[in-house]
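Student: Take this structure first; my questions come after.
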Amino acid sequence: MKPGNITIETEHAALSALDSGGEGRPIVFIHGNSSSKEVFDRQFADPSLADFRLIAFDLPGHGVSENARNPAGTYNFAGYADAAEQLLHALALHKPIVFGWSLGGHIALEMVGRDTELAGVMISGTPPISPNLESLMAGFNIDPNAENLTGKRDFTEMDAIAYATHTSATADGLDPHLLAMCRRTDGLARELMFASAAQGLFLDEREIVATMRAPLAIVNGAGDPFIRADYFDTLSCNSLWRGKIVRIEDAGHAPFRQQPFEFNRLLKEFAESA
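In terms of numbering that gives the first Met the number 0, the sequence shown has 5 at position 6, counting the first letter as 1, and numbering is strictly consecutive.
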């Protein structure tokens, strides 16, 4: 397939995707809440990853993909995982590597739990949690006294700036396109996704990582403000890459943007070994 932007029809929505083309091992990137496929531009631009076929797509209700046709059935981990699986099928991707960031990591783990054939999974900013509120609170830094933008339906301009900055800004500041994509996100996608997660309507991710056979890499920013670093040390992982959690210094919630050289080196090594 020639490189470029493509549209993939799924039952959930028409999805916009970026495909680098080529015959190399495919790596599929799944972005986080209120973001878009362009958040991975520093991976697509890196010559060290040129031998892989890189695919990133906008989730339903995000970027230039359509809003979900059935919001209640799509805006949750299972619905997003099903949309991703339909994209893999449409592109005839056999056992790709999947990198899931934040919400994208939960989608990737849901895919593993649904027995999607994947050669390996890397997650970042994604605590694998059990479907209960106690696990959710243990894995994430959630301040009950602060407004939770993760599940807020209607963003003000200040909300969009704050959320986009805290999730994906770099030392160079906030990318204007990513801010625009945060503004564009269907507010129902945030509201319904967070509500379903808070109600425990997803597969047990702790059990998934404890039993999965495909290699699993966990690569977090050492300064990620959204997650509890010590929570990851409580996990039992059957196939953890390098046998440990990898933490990238001088990086927050988006280490693949904040320290792309180090992250891309790790991604290349993982993809080659998976």
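We put the beta carbon where it would ideally sit given N, CA and C, even for glycine. It should be emphasised that the depicted structure is a prediction, and the values quoted were computed from it without experimental measurement.
Kindly list the residues whose CB is nearer than 7 Å to the CB of E10, restricted to its own chain and excluding five residues on each side of it in sequence; keep chain order.
Tutor: What you label residue 10 is simply residue 11 of the sequence shown in a count that begins at 1. Contacts found: Q85.
Student: Based on the DSSP secondary-structure assignment, which residues constitute the bridge partners of A155?
Tutor: To locate residue 155, count along the sequence shown from 1; it is residue 156. According to the sequence shown, residue 155 is Thr rather than Ala. For T155, which the question treats as bridged, DSSP gives no partner whatsoever.
Student: Helix, strand or coil for I5 per DSSP?
Tutor: Taking the sequence shown and counting its residues from 1, one reaches residue 5 at position 6. Three-state result, I5: strand.
Student: Let me confirm a value: R256 is counted as buried when at least 16 other C-beta atoms fall within 10 Å, else exposed. Which label applies?
Tutor: Indexing the sequence shown from 1 puts residue 256 at position 257. Buried, since its Cβ has 16 or more Cβ neighbours within 10 Å.
Student: Looking only at its own chain, which residues have a Cβ that is under 8 Å from the Cβ of R241, when we skip the five neighbours before and after it?
Tutor: Working through the sequence shown from its first residue, we reach residue 241 at position 242. Same-chain partners within the cutoff: A216.
Student: Given a threshold of 16 other Cβ atoms within 10 Å of its Cβ, counted over all protein chains shown, does I122 qualify as buried or as exposed?
Tutor: As a first step, residue 122 must be located in the sequence shown, where it is residue number 123. Buried is the call here.
Student: Look at the alpha carbon of H30 and the alpha carbon of E146, and state the distance between them as a whole number of angstroms.
Tutor: Counted from its first residue, the sequence shown places residue 30 at position 31. Counted from its first residue, the sequence shown places residue 146 at position 147. Spanning the two alpha carbons is a distance of roughly 23 Å.
Student: Counting pairs of Cβ atoms below 8 Å between the region 180 to 200 and the region 51 to 69, do you hit three or more?
Tutor: Enough Cβ pairs lie closer than 8 Å, so yes.
Student: Is the Cβ-Cβ distance between P254 and D45 less than 8 Å?
Tutor: Mapped onto the sequence shown, residue 254 falls at position 255. Mapped onto the sequence shown, residue 45 falls at position 46. Against a cut-off of 8 Å, the Cβ pair of D45 and P254 comes out as no contact.
Student: Would you call E22 buried or exposed, if buried means 16 or more other Cβ atoms sit within 10 Å of its Cβ?
Tutor: What you label residue 22 is simply residue 23 of the sequence shown in a count that begins at 1. So E22 ends up on the exposed side.
Student: For S238, which residues of its own chain have a beta-carbon under 7 Å away from its beta-carbon, when the five flanking residues on both sides are left out?
Tutor: For the purposes of this step, residue 238 is identified with residue 239 of the sequence shown, where counting begins at 1. These residues qualify, in order along the chain: M211, R212, A213, P214, L215.
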